[in-house]
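Encoded as structure tokens, the structure appears first; notes follow it.
2 protein chains.
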Amino acid sequence: MDLTALEKIQYGVYLIAAAFDGKKSAFAANSIVQVSAQPVKFAVSVSKQNWTYELIEKSGCFSISAITMSAPFEFIGKFGFHTGKTFDKFANTEYKTFESGVPAVTQYAGAIFELKISGKIDVGDHTVFIGDVLNMERLSQETTMTYEYYHKIKGGLTAKNAPTYIKR
Amino acid sequence: MDLTALEKIQYGVYLIAAAFDGKKSAFAANSIVQVSAQPVKFAVSVSKQNWTYELIEKSGCFSISAITMSAPFEFIGKFGFHTGKTFDKFANTEYKTFESGVPAVTQYAGAIFELKISGKIDVGDHTVFIGDVLNMERLSQETTMTYEYYHKIKGGLTAKNAPTYIKR
Numbered sequence: 015m016d017l018t019a020l021e022k023i024q025y026g027v028y029l030i031a032a033a034f035d036g037k038k039s040a041f042a043a044n045s046i047v048q049v050s051a052q053p054v055k056f057a058v059s060v061s062k063q064n065w066t067y068e069l070i071e072k073s074g075c076f077s078i079s080a081i082t083m084s085a086p087f088e089f090i091g092k093f094g095f096h097t098g099k100t101f102d103k104f105a106n107t108e109y110k111t112f113e114s115g116v117p118a119v120t121q122y123a124g125a126i127f128e129l130k131i132s133g134k135i136d137v138g139d140h141t142v143f144i145g146d147v148l149n150m151e152r153l154s155q156e157t158t159m160t161y162e163y164y165h166k167i168k169g170g171l172t173a174k175n176a177p178t179y180i181k182r
Numbered sequence: 015m016d017l018t019a020l021e022k023i024q025y026g027v028y029l030i031a032a033a034f035d036g037k038k039s040a041f042a043a044n045s046i047v048q049v050s051a052q053p054v055k056f057a058v059s060v061s062k063q064n065w066t067y068e069l070i071e072k073s074g075c076f077s078i079s080a081i082t083m084s085a086p087f088e089f090i091g092k093f094g095f096h097t098g099k100t101f102d103k104f105a106n107t108e109y110k111t112f113e114s115g116v117p118a119v120t121q122y123a124g125a126i127f128e129l130k131i132s133g134k135i136d137v138g139d140h141t142v143f144i145g146d147v148l149n150m151e152r153l154s155q156e157t158t159m160t161y162e163y164y165h166k167i168k169g170g171l172t173a174k175n176a177p178t179y180i181k182r
């Protein structure tokens, strides 16, 4: 199988955040799609190795922030290549907290979404969560960064835990 | 809730195809993501109103074709705004048939994927299918069309059955 075929799938760049029991974390993600219009539902794939996974599982809620084209590589890297278990990703990060207690990164975000989990499916080393949108806000007119742009122009790498990681 | 926030999610343009009992069909889709790397799995959201939905359900297999930037609007429209129940979308369309019997559109395709369903989750008017990749082929170097490009530059509309359809 030609793994380079996988490069033909288009994605945006997002941050997924969650909180539980006073702890909060976030990670950079690309595998996000809207799966239903009425009500608005999203599917996201999250690695079981990811610390935010535990916070999503325990709280039953998470947020999505769509990251704009102007976000610097370092900003995305902060969320992509550290674990929230030992590193406070929210220090020096602009964010808001929804009424449910879910934090959402607002810095370099074109839109933010608050979601409550309504279903999930185990796909091996990842779980696909279905989230019902409780709230959504558009924060800017700027276009969301494509994963291709992050990868090719910004020189961004893919974390080993990502569902789209290709071992080369 | 500000529905325009939904415009901040990035997608590509794809065709999903399936066949059962001598009938085959395909439809234009954007809600596709890779959800696992080893093995490679995809999630796709399919409307229960869609005729291809029945063929996917009955055969347990489907294909994805990533559509290139050079595809004309009319080509995509052929798959997006007709039902395969009464209209042969494969007439005058270049495609190949995988060993499993699944057809995949090769015309204007940068890559094609053959998938076998390994899970699904009901999200109301849509079902999210998890597909394990059996085969994948890269057919060109061309970039996959983004949904934003299809929408803004090509003037493409969203079908009412689509998970990302917004009633205005």
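Note that the protein sequences, when read in sequence, are chains A and B.
Take 15 as the starting number for the first sequence in this note's numbering and just add one per residue.
Take 15 as the starting number for the second sequence in this note's numbering and just add one per residue.
C-beta atoms are modelled at their ideal positions from N, C-alpha and C, and glycine is treated no differently.
Quick caveat, the model's predicted, so the values are computed rather than measured.
Practice problem: Taking all protein chains shown into account, decide if Gly169(B) is buried (16 or more other Cβ within 10 angstroms of its Cβ) or exposed. | Solution: Answer is exposed; the Cβ neighbour count stays below 16.
Self-check item: Test: Thr100(B) CB closer than 7 angstroms to a CB of chain A
Solution: no
Quiz prompt | Spatially closest choice to Phe34(A) from Phe101(A), Trp65(A), Met83(A), Gln24(A), by CA coordinates | solution = Trp65(A)
Quiz item: Rounded to a whole number of angstroms, what is the C-alpha to C-alpha distance between Lys37(B) and Ser45(B)?
Solution: 24 angstroms
Self-check item: 8 angstroms Cβ cut-off: residues of chain B touching His165(A)
Solution: Near His165(A) there are no residues of chain B at all, since even the closest Cβ is about 12 angstroms away, more than 8 angstroms.
Exercise. Residues of the segment 112–135 of chain A with a CB closer than 9 angstroms to any CB of chain B: list them in chain order, please.
Key: Ala123, Gly124, Ala125, Ile126, Phe127, Ser132, Gly133, Lys134, Ile135
Quiz item: Terminal residues of the continuous alpha helix (DSSP H) containing Glu108(A)?
Solution: Looking at the DSSP string, Glu108(A) is not in any alpha helix (DSSP H), and its letter there is neither H nor E.
Quiz item: Got a sec, what are the start and stop residues for the alpha helix (DSSP H) Gly94(B) sits in?
Solution: If you look at Gly94(B), you'll find it in the alpha helix (DSSP H) that goes 87–94.
Quiz item: Is the segment 93–101 of chain A in contact with the segment 46–58 of chain B, if contact means three or more CB pairs nearer than 8 angstroms?
Solution: Flag = no, the segment 93–101 of chain A and the segment 46–58 of chain B do not touch.
Quiz item: Quick one: is Tyr179(A) near chain B, going by C-beta distance under 7 angstroms?
Solution: yes
Quiz item: Is Met150(B) buried or exposed, if buried means 16 or more other CB atoms sit within 10 Å of its CB?
Solution: buried
Practice problem: Go to Ser73(B), then tell me how far its beta strand (DSSP E) extends in each direction, as first and last residue. | Solution: No beta strand (DSSP E) contains Ser73(B), which is instead part of the alpha helix (DSSP H) from 65–73.
Quiz item: Thinking C-alpha only, which one of Ala118(A), Ala42(A), Thr107(A) is nearest Cys75(A)?
Solution: Ala118(A)
Quiz item: Between Ser39(A) and Asp139(A), which are expected to be in contact by the criterion C-beta below 8 angstroms, what is the C-beta distance as a whole number of angstroms?
Solution: About 19 angstroms separates the two Cβ atoms, so there is no contact after all.
Quiz item: Taking only beta-carbon atoms, is Ser59(B) less than 7 angstroms away from chain A?
Solution: yes
Quiz item: So Tyr161(A) is in the alpha helix (DSSP H); what residue range does that whole segment cover?
Solution: 161–166
Practice problem: Drop a sphere of 10 angstroms on the beta-carbon of Glu128(B), count the other beta-carbons inside from all chains shown, and report buried for 16 or more, exposed for fewer. | Solution: buried
Quiz item: Three-state secondary structure (DSSP) at Lys22(B)?
Solution: helix
Quiz item: Ser50(A) versus chain B: which residues are under 8 angstroms apart at the beta carbon?
Solution: Those within 8 angstroms of Ser50(A) in chain B are Ser59, Val137, Gly138, Asp139, His140, Pro177.
Self-check item: Thr172(B) at chain A interface by Cβ criterion, 7 angstroms
Solution: no
Self-check item: CB-CB length for Lys55(A) against Asp146(A), believed under 8 angstroms
Solution: 5 angstroms
Quiz item: Beta carbon of Ala57(B), beta carbon of Ala57(A): below 7 angstroms?
Solution: yes
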